[in-house]
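Numbering of the sequence shown is given in the numbering used here, commencing with residue 1134 and proceeding in unit increments. All residues carry an ideal CB built from backbone N, CA and C; glycine is no exception. All values reported here derive from a predicted model rather than from experimental measurement. Presented below is the structure to which this report refers.
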Amino acid sequence: MAKQQPDSETFKELCADYVLNILEQDERMRFEEMLDEATDSQRELYQRMRSKGNELLFSDKDNPSPEDLRQQLLAAVEDWDGKAKERSKQHAVTKEESDEEVENEVVDAEETSVSLTLVLSIVLGFICLSLVFYAFSLRSEISAQENIIDRQEEQIADLENTIGDLQEMLAVTKSRQLHVVRLLGMEANPFGYGNVIWDSQNNRAIVRLAELPDPGPNAQYQFWAILDSKAINIKSFSIDNNGNALFIADNLDGLNNRKDFSFAVTLESDGESSQPDGEMHLMGSFGK
1134 MAKQQPDSET
1144 FKELCADYVL
1154 NILEQDERMR
1164 FEEMLDEATD
1174 SQRELYQRMR
1184 SKGNELLFSD
1194 KDNPSPEDLR
1204 QQLLAAVEDW
1214 DGKAKERSKQ
1224 HAVTKEESDE
1234 EVENEVVDAE
1244 ETSVSLTLVL
1254 SIVLGFICLS
1264 LVFYAFSLRS
1274 EISAQENIID
1284 RQEEQIADLE
1294 NTIGDLQEML
1304 AVTKSRQLHV
1314 VRLLGMEANP
1324 FGYGNVIWDS
1334 QNNRAIVRLA
1344 ELPDPGPNAQ
1354 YQFWAILDSK
1364 AINIKSFSID
1374 NNGNALFIAD
1384 NLDGLNNRKD
1394 FSFAVTLESD
1404 GESSQPDGEM
1414 HLMGSFGK
């Protein structure tokens, strides 16, 4: 059995709400069923309302309410109906006037199409600009994250070096032949001190120094072994912000299990001196 056709007023009101997208889901489904069974005149009404509805939705008015849009759309439909009746009367009088009105309708439809195209072009332009700004913002964020990753990789490398030094120090402490040489402050730095834990079996040592003053930008501390009145350059080193230093000295082969030598710390102009020429800050001897 064919479905009963809705009255024209019900179809018109539901059609207005449908094209303005203000129907609930069940009402939308009901109207779409009506549209499947609609007459030619009802389908024409739907097409006109859809065109006019799009024009109203993209109009320049600031935030029109759904009810205002609905009233405007229904008023436009009433205006269309009046024009249709007038055209019907004029068609009876003269076919030429009817043809002219058809032409006017085509022009109106073309103008509406041009207006919609212009509005859509403007909207797409704004979307493109927004995407460009977003791309720049995303690129800046990626660059910032890359900088953070680089700093974290440097920190990881420093930690790995520190862990390696600590493992070497732990290996030194396992030796059977450990000796402690105390370093005392000299005239240039009477408050400085330090300890050297010497592994005479493997000729390496853990060196811990404290209370050393800032060497300045053009100088560096050097650690020496002194035997038979000759100085052997062991290592150049830096201090932390508190004047402390902790490092491994693993090139002590020149001591050869000697029982009479000294360790010393001097401040040299370039940190690469072959003989101690700068101020003597710390010194300590290992005797029989």
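- Distance from the CA atom of residue 1301 to the CA atom of residue 1354, rounded to whole angstroms, is 22 Å.
- Distance from the CA of residue 1279 to the CA of residue 1371, rounded to the nearest whole angstrom, comes to 30 Å.
- Per DSSP, the beta-bridge partners of residue 1413 are 1399.
- Sequence-distant partners of residue 1191 (beyond 5 residues in either direction) whose C-beta falls short of 6 Å from its own C-beta, in its chain, are 1252.
- Residues 1351, 1352, 1410, 1411 of the same chain have their beta carbon placed closer than 8 Å to that of residue 1402, with the five preceding and five following residues left out of the count.
- Put simply, the region 1357-1371 does not touch the region 1316-1328. Fewer than three CB pairs are less than 8 Å apart.
- In the three-state scheme derived from DSSP, where H, G and I count as helix and E and B as strand, residue 1289 is classed as helix.
- Judged by pairs of C-beta atoms under 8 Å, the region 1180-1191 touches the region 1149-1165, as three or more such pairs exist.
- At a Cβ-Cβ threshold of 9 Å, residue 1385 and residue 1321 do not count as neighbours.
- Per the C-alpha coordinates, the member of 1258, 1358, 1244, 1145 positioned closest to residue 1407 is 1358.
- Secondary structure at residue 1318: strand, using DSSP grouped into helix, strand and coil.
- Residue 1145 sits buried, since 16 or more C-beta atoms from the chains shown fall within 10 Å of its C-beta.
- Residue 1394 sits in a strand when the DSSP states are folded into three classes.
- Burial state of residue 1260 is exposed, judged by a 10 Å Cβ sphere holding fewer than 16 other Cβ atoms.
- With 16 or more other Cβ atoms from the protein chains shown falling within 10 Å of its own Cβ, residue 1205 counts as buried.
- In this structure, residue 1308 lies away from residue 1328, with their beta-carbon atoms at least 9 Å apart.
- Per DSSP, the unbroken alpha helix (DSSP H) holding residue 1186 starts and ends at 1173-1190.
- Here the alpha carbons of residue 1416 and residue 1345 stand approximately 13 Å from one another.
- Per the DSSP secondary-structure output, residue 1337 pairs in a beta bridge with 1332.
- Counting every other CB atom within 10 Å of its CB across the protein chains shown gives residue 1284 a total below 16, marking it as exposed.
- Beta-bridge partners of residue 1369 (DSSP): 1355.
- Contact between residue 1199 and residue 1255 does not hold, since their C-beta atoms are separated by about 23 Å, which reaches or exceeds 8 Å.
- Each residue's CA atom was taken as its position, placing residue 1340 and residue 1276 some 41 Å apart.
- Assigned with DSSP and collapsed to three states, residue 1325 falls in coil, not helix or strand.
- CA-to-CA, the gap between residue 1333 and residue 1378 works out to about 22 Å.
- Only residues of its own chain outside the window of five on either side were considered, and among them none has a CB closer than 7 Å to the CB of residue 1140.
- Shown here, residue 1418 sits in a strand according to DSSP, grouped into three states.
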